[in-house]
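For the sequence shown, the positions run 21 to 779 when the working numbering is used. We put the beta carbon where it would ideally sit given N, CA and C, even for glycine. Note that the structure is predicted; figures quoted are calculated from it, not measured.
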Amino acid sequence: RDRNWTEARVHGLQLCPQVLAEKRNLGSRDGPPHLVVLVPLHSRAAAHDALCLLRSQDSAVVRVDEGKAGGFALLCPRLKQRWRFVTAQAEDLHAVLDLAKVADSLLFILDAADGWDSAGEHCLSCLFAQGLPSYALAVPGGSDLPPKKRIDAKKKLAKAIEKRFPEAKLFPLHTEQESSLLLRHLATQRQRHLAFRDRRAHLLAYAAEFVPGQESDLVGTLKVSGFVRGQTLDVNSLVHIVGHGDFQMSQVDAPPDPLSLNPRVVKGQKRSQDVEVQGDSVNGTEEMEEDVKVLMKADTNKQESLQSEVVPDPMEGEQTWPTEEELQEAEASLKANRRVVKVPKGTSTYQAAWIVDDEEGNQEDDGDDDEDDDIDDDMMEEAVSQEGESSEEGEEPAEGECETMTVSECLRDDQYDEKVEEDEEMLERYKQERMDEMFPDEVDTPRDVPARVRFQKYRGLKSFRTSPWDPKENLPRDYARIFQFQDFSRTRKHLFRQIENEETEGASVGWYVTLHVCNVPVSVMESFKEGRPLVLFSLLPHEQKMSVLNFLVRRHPSNSEPVRAKEELIFHCGFRRFRASPLFSQHTSADKHKLERFLRLDAALVVTVYAPITFPPASVLLFKQRSNGMHDLIATGSLLSVDPDRVVIKRLVLSGHPFKIFTKAAVVRYMFFNREDVMWFKPVELRTKWGRRGHIKEPLGTHGHMKCHFDGQLKSQDTVLLNLYKRVFPKWTFDPHVPEPVPWVRSESALPVHEVEME
Numbered sequence: 021r022d023r024n025w026t027e028a029r030v031h032g033l034q035l036c037p038q039v040l041a042e043k044r045n046l047g048s049r050d051g052p053p054h055l056v057v058l059v060p061l062h063s064r065a066a067a068h069d070a071l072c073l074l075r076s077q078d079s080a081v082v083r084v085d086e087g088k089a090g091g092f093a094l095l096c097p098r099l100k101q102r103w104r105f106v107t108a109q110a111e112d113l114h115a116v117l118d119l120a121k122v123a124d125s126l127l128f129i130l131d132a133a134d135g136w137d138s139a140g141e142h143c144l145s146c147l148f149a150q151g152l153p154s155y156a157l158a159v160p161g162g163s164d165l166p167p168k169k170r171i172d173a174k175k176k177l178a179k180a181i182e183k184r185f186p187e188a189k190l191f192p193l194h195t196e197q198e199s200s201l202l203l204r205h206l207a208t209q210r211q212r213h214l215a216f217r218d219r220r221a222h223l224l225a226y227a228a229e230f231v232p233g234q235e236s237d238l239v240g241t242l243k244v245s246g247f248v249r250g251q252t253l254d255v256n257s258l259v260h261i262v263g264h265g266d267f268q269m270s271q272v273d274a275p276p277d278p279l280s281l282n283p284r285v286v287k288g289q290k291r292s293q294d295v296e297v298q299g300d301s302v303n304g305t306e307e308m309e310e311d312v313k314v315l316m317k318a319d320t321n322k323q324e325s326l327q328s329e330v331v332p333d334p335m336e337g338e339q340t341w342p343t344e345e346e347l348q349e350a351e352a353s354l355k356a357n358r359r360v361v362k363v364p365k366g367t368s369t370y371q372a373a374w375i376v377d378d379e380e381g382n383q384e385d386d387g388d389d390d391e392d393d394d395i396d397d398d399m400m401e402e403a404v405s406q407e408g409e410s411s412e413e414g415e416e417p418a419e420g421e422c423e424t425m426t427v428s429e430c431l432r433d434d435q436y437d438e439k440v441e442e443d444e445e446m447l448e449r450y451k452q453e454r455m456d457e458m459f460p461d462e463v464d465t466p467r468d469v470p471a472r473v474r475f476q477k478y479r480g481l482k483s484f485r486t487s488p489w490d491p492k493e494n495l496p497r498d499y500a501r502i503f504q505f506q507d508f509s510r511t512r513k514h515l516f517r518q519i520e521n522e523e524t525e526g527a528s529v530g531w532y533v534t535l536h537v538c539n540v541p542v543s544v545m546e547s548f549k550e551g552r553p554l555v556l557f558s559l560l561p562h563e564q565k566m567s568v569l570n571f572l573v574r575r576h577p578s579n580s581e582p583v584r585a586k587e588e589l590i591f592h593c594g595f596r597r598f599r600a601s602p603l604f605s606q607h608t609s610a611d612k613h614k615l616e617r618f619l620r621l622d623a624a625l626v627v628t629v630y631a632p633i634t635f636p637p638a639s640v641l642l643f644k645q646r647s648n649g650m651h652d653l654i655a656t657g658s659l660l661s662v663d664p665d666r667v668v669i670k671r672l673v674l675s676g677h678p679f680k681i682f683t684k685a686a687v688v689r690y691m692f693f694n695r696e697d698v699m700w701f702k703p704v705e706l707r708t709k710w711g712r713r714g715h716i717k718e719p720l721g722t723h724g725h726m727k728c729h730f731d732g733q734l735k736s737q738d739t740v741l742l743n744l745y746k747r748v749f750p751k752w753t754f755d756p757h758v759p760e761p762v763p764w765v766r767s768e769s770a771l772p773v774h775e776v777e778m779e
């Protein structure tokens, strides 16, 4: 029995060596400092009091101030732990989401009475959708309330926390002892992992310096210093600066660690208890610049390229003048193919060349026909693509697919009538969404344009589920600019297996390094000087290249305004954010997926856009920018696939009404308005809203009446429908630069949002 217990204990210890190593390295001498981001969720949340209590530890703790608003570090050599605290305001959405991407723990500061307000609720919704790291809840203050009100406020806060954080523990912050308990909880709690960051090296800038280039002062080398997290950082890989784009690195340096638990004392100077760290210096202290060591430099032969698009060659596939080698090969093939043929007397060599055997003649004829078919197909594809582009421009405005949505906002009484046009547009959009729900995909047949011309790009299908559709047919010109994997799933598994099993040369996790990032605009440094976080992620192979990304999203319950397809939205996908105009389609297991004109409230939809390749898993948040600059969260989900061959089909339904009804036949009108259109759409199958199926037999007269045959007798209140389909593609509107949102307007109560979300 003792032997079995010993073996079980040994096996239990062997089950989690990685978990133990990660827990011991985080915040230790060999690992990066424990990064804690403070997020006040209420305008009355006393974040400053919480920071003061966390700073007021025993004398063994060394405090290092960063010079930024609310940023500092705690070093405890006795406990062999070090923390770095950064403050983010809940109304600054981009700063909160960027810091949460790299934070080890989030510390939510609540109000003792109300918990969080509307801005805090919006911030929590975005954080939960993006992926929440380890967190803790703290309530500073509240001691000034009367004892009875204090008990009632505590019960109310506990009830609100139970809905949002079912297993969370609330830490009061009134004394130094309570702050010590909070620090101990942050250091020992189980770390939650975010999949998109665990497989990529990332860091939060501790210091930065901009060196202008020789050609222009607007572009130069950005030297970013920070602690490597996640994975080993390779200098030959690309880095993505969140909110600014992809860049290459020239070298990686190893300056002295400014947050070392055993700091070196510089000659002639005595280390002070509080050290000021400047934000525009590379190493944090000027006197340590001479100790910088170069770890590695980029190898041009191994360095990843910044090429994101394929440059299409318009002359590719065209006939060119043969070269000398090709002429010699042709002569050699002619000599090799000489044959003896029986010919009549007096036949010349030229005439004999035209005499062939029957079998060879048939084969050559077949080959010529195939070549002619290929040439005709190429010419037809080119003509259809050109015609599609011209007709697409003329078609979309007719259906209103590219309108710009304007969201109405709450106004004061004196400004109430100034936004009447926006209210009218919103009312029109609500009507369109309602009509699409009641009569899905139905359109009126135009009377001024023949239907065979208006719907010339559409086709009929015997069965939407089983009828074939070639994914390579009639592709737009934008598809010549993107990359496609032969097997995306296999490539993804291979890359992840390499990350787990193979060792990468570079800067290891926990090292304090300086990255020399090339060709960076000066706006990045200006943003960092303004106090915004500077976050860098290393890219996996191929992640800088453009392709077609599909996201599976669901409408957020806090937003119910109509959102049309091809409207410009803001995407937060993993570590990227960008603007694009997506398509919405149904999420099915078939090979064809029907386009949805609006983002549905009651179903999960697939969003398709042109964007840089990202390997899943990765979360996605969809925002819509208001006219006043605020960003509204409209949908959340995850990355489904990177697949340009996913076929999105737009359906149009033409409707007609039975005029005369017989046993299994009927005369239908109002579907077409001339005889030629009836003959053109005669091969397409008909259906009715009550489940009957049939076909057009013949036109009657010259005004679009037609005789139709069905599999049963129609009812007088039934409607005859004809389905037409065409494949649609997203618009190339990708923009990696997203404007900073206007700070969220706080309101005291967030209770209505809770009720909507829980329902």
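Checklist line | Nearest neighbour of E520, chosen from G250, A631, P332 and H677 [CA to CA] | finding: Your numbering for residue 520 matches position 500 in the sequence shown. A check of alpha carbon separations from E520 across G250, A631, P332 and H677 identifies G250 as the nearest.
Check: With DSSP run on the structure shown, which of helix, strand or coil describes W103?
Finding: Residue 103 sits at position 83 when you count from the first residue of the sequence shown. Three-state DSSP puts W103 in a strand.
Check: Does any heavy atom of the ligand MN sit closer than 7 Å to the C-beta of P763?
Finding: Annotation note on the ligand MN: not contained in the displayed structure, which lists no ligands.
Check: Per DSSP, T628 forms a beta bridge with which residues?
Finding: For this step, residue 628 is matched to residue 608 along the sequence shown. In DSSP, T628 forms a bridge with N570 and L603.
Note to self: Report the start-end ranges of each alpha helix (DSSP H) in the stretch 667-708 that is 4 residues or longer and not cut off at the edges.
What the structure shows: For the stretch 667-708, the full-length alpha helix (DSSP H) segments reaching 4 residues or more read 695-700 along the chain.
Margin query: In the DSSP output, which residue or residues are listed as bridge partners for R220?
Written below: Start at 1 with the first residue of the sequence shown, and residue 220 comes out as number 200. When DSSP reads this structure, R220 sits in no beta bridge, so it has no partner.
Note to self: So F508 and D663 are supposed to be a Cβ contact under 8 Å. How far apart are they, rounded?
What the structure shows: Counted from its first residue, the sequence shown places residue 508 at position 488. Counted from its first residue, the sequence shown places residue 663 at position 643. The Cβ separation is near 7 Å, so the contact holds.
Next item on the list: Select from A66, K100 and I669 the residue whose C-alpha is nearest the C-alpha of Y478.
Entry: By one-based count along the sequence shown, residue 478 stands at place 458. Selection A66, K100 and I669 evaluated against Y478 yields I669 as nearest (Cα-Cα).
Margin query: Starting from A228, trace the beta strand (DSSP E) in both directions and tell me its first and last residue.
Written below: The count along the sequence shown starts at 1 and reaches residue 228 at position 208. From DSSP, the beta strand (DSSP E) with A228 extends over A227 to P232.
Check: For the 8 Å Cβ check, are there 3 or more pairs between the stretch 618-636 and the stretch 597-605?
Finding: These segments touch.
Note to self: Does N570 pass the burial test, meaning 16 or more other C-beta atoms within 10 Å, or should it be called exposed?
What the structure shows: The residue you call residue 570 lines up with position 550 of the sequence shown. The residue is buried, with at least 16 neighbouring Cβ atoms inside 10 Å.
Checklist line | Outcome for T107 when other beta-carbon atoms lying within 10 angstroms are tallied against a minimum of 16 | finding: Counted from its first residue, the sequence shown places residue 107 at position 87. T107 is buried by the Cβ-count criterion.
Note to self: Can you tell me which residues form a DSSP beta bridge with S558?
What the structure shows: Position 538 of the sequence shown holds residue 558. V259, per the DSSP bridge assignment.
Next item on the list: Decide yes or no for the touch test of the stretch 671-687 against the stretch 460-472: beta carbon pairs closer than 8 Å, at least 3 of them.
Entry: Counting Cβ pairs under 8 Å, three or more are found: they touch.
Next item on the list: Could you tell me if V331 is buried or exposed, where buried requires 16 or more neighbouring beta carbons within 10 angstroms of its beta carbon?
Entry: For the purposes of this step, residue 331 is identified with residue 311 of the sequence shown, where counting begins at 1. It counts as exposed.
Next item on the list: Determine the burial state of I633: buried for a count of at least 16 other Cβ atoms within 10 Å of its Cβ, exposed for fewer.
Entry: In the sequence shown, the residue the question calls residue 633 occupies position 613. Flag for I633 reads buried.
Next item on the list: Given a cut-off of 8 Å, decide if F591 and L659 are closer than it, judged by their beta-carbon atoms.
Entry: As a working note, residue 659 is residue 639 in the sequence shown. As a working note, residue 591 is residue 571 in the sequence shown. Taking 8 Å as the Cβ cut-off, L659 and F591 do not qualify as a contacting pair.
Check: Around the Cβ of W103, are there at least 16 other Cβ atoms within 10 angstroms (buried) or fewer (exposed)?
Finding: On the sequence shown, position 83 is the one that residue 103 refers to. With 16 or more Cβ atoms within 10 Å of its Cβ, W103 is classed as buried.
Check: Quick one: is F548 buried, meaning 16 or more other Cβ sit within 10 Å of its Cβ, or exposed?
Finding: For the purposes of this step, residue 548 is taken as the residue at position 528 of the sequence shown. Its Cβ being crowded by 16 or more others within 10 Å, F548 is buried.
Checklist line | Opening and closing residue of the beta strand (DSSP E) in which T534 lies | finding: Translated into the one-based positions of the sequence shown, residue 534 becomes position 514. Note, T534: beta strand (DSSP E), Y532 to P541.
Notebook entry, point to check: Is it a yes or a no for the stretch 223-241 touching the stretch 570-586, going by three-plus beta-carbon pairs under 8 Å?
Noted result: In this structure the stretch 223-241 does not lie against the stretch 570-586, because fewer than three pairs of beta carbons, one per stretch, are closer than 8 Å.
Note to self: Taking the straight line between their C-alpha atoms, what separation do you get for L589 and M545?
What the structure shows: For this step, residue 589 is matched to residue 569 along the sequence shown. For this step, residue 545 is matched to residue 525 along the sequence shown. Distance between the alpha carbons of L589 and M545 is about 27 Å.
Next item on the list: Can you have a look at L771 and say buried or exposed, based on whether 16 or more other CB atoms are within 10 angstroms of its CB?
Entry: Taking the sequence shown and counting its residues from 1, the one referred to as residue 771 is at position 751. Model confidence at L771 stands at a pLDDT of 41, short of 50, so the residue's coordinates are unreliable; what they give is reported in the following sentence. Flag for L771 reads exposed.
Next item on the list: Check whether the stretch 129-140 touches the stretch 53-67, counting contact only when three or more Cβ pairs, one atom from each stretch, lie closer than 8 Å.
Entry: With three or more CB-CB distances shorter than 8 Å, the stretch 129-140 counts as touching the stretch 53-67.
Check: Excluding the five sequence neighbours on either side, which residues of its own chain have a C-beta within less than 6 Å of the C-beta of F679, listed in chain order?
Finding: By 1-based counting over the sequence shown, the position of residue 679 is 659. Residues V687 and R689 of the same chain have their beta carbon placed closer than 6 Å to that of F679, with the five preceding and five following residues left out of the count.
Checklist line | Cutoff 8 Å; reference G408; Cβ partners in own chain excluding five residues on either side | finding: Within the sequence shown, the letter at position 388 stands for residue 408. Model confidence at G408 stands at a pLDDT of 43, short of 50, so the residue's coordinates are unreliable; what they give is reported in the following sentence. K477, N494 and P496, listed in sequence order.
Item checked: CB of G151 within 8 Å of CB of A110, strictly -> Within the sequence shown, numbered from 1, the residue matching residue 151 stands at position 131. Within the sequence shown, numbered from 1, the residue matching residue 110 stands at position 90. Their beta carbons are not under 8 Å apart, which means G151 does not touch A110 by this criterion.
Next item on the list: Could you tell me the distance, in whole angstroms, from the CA atom of V295 to the CA atom of L94?
Entry: Start at 1 with the first residue of the sequence shown, and residue 295 comes out as number 275. Start at 1 with the first residue of the sequence shown, and residue 94 comes out as number 74. Low per-residue confidence applies at V295: pLDDT is 40, beneath 50, and the placement is therefore not dependable enough to give any value.
Notebook entry, point to check: Run through DSSP, which three-state label would H264 get?
Noted result: Taking the sequence shown and counting its residues from 1, one reaches residue 264 at position 244. It is coil, neither helix nor strand.
Margin query: If I measure Cβ to Cβ from E198 and keep anything under 8 Å in the same chain, skipping five residues before and after, which residues do I get?
Written below: Position 178 of the sequence shown holds residue 198. Only residues of its own chain outside the window of five on either side were considered, and among them L73, F191 and P192 have a CB closer than 8 Å to the CB of E198, listed in chain order.
Note to self: What does the alpha-carbon distance come out to for the pair E324 and A471?
What the structure shows: For the purposes of this step, residue 324 is identified with residue 304 of the sequence shown, where counting begins at 1. For the purposes of this step, residue 471 is identified with residue 451 of the sequence shown, where counting begins at 1. E324 and A471: Cα-Cα distance of roughly 52 Å.
Next item on the list: Rounded to whole angstroms, what's the CA-CA distance from A356 to Q348? Just pull it up for me.
Entry: For the purposes of this step, residue 356 is taken as residue 336 along the sequence shown, with counting starting at 1. For the purposes of this step, residue 348 is taken as residue 328 along the sequence shown, with counting starting at 1. When rounded, the distance between both Cα atoms is 12 Å.
Check: Mapping DSSP to helix, strand and coil, what is P553?
Finding: Taking the sequence shown and counting its residues from 1, the one referred to as residue 553 is at position 533. P553: coil per DSSP, three-state reduction.
Notebook entry, point to check: Is the number of C-beta pairs between the stretch 742-751 and the stretch 701-717 that are closer than 8 Å three or more?
Noted result: Contact holds: three or more Cβ-Cβ distances are below 8 Å.
Notebook entry, point to check: Cα separation between R204 and I181?
Noted result: The residue you call residue 204 lines up with position 184 of the sequence shown. The residue you call residue 181 lines up with position 161 of the sequence shown. R204 and I181 have their C-alpha atoms roughly 22 Å apart.
Item checked: Bridge partner(s) assigned by DSSP for I129 -> As a first step, residue 129 is located in the sequence shown; it is residue number 109 there, counting from the start. DSSP output for I129 lists P60 and A158 as bridge partner(s).
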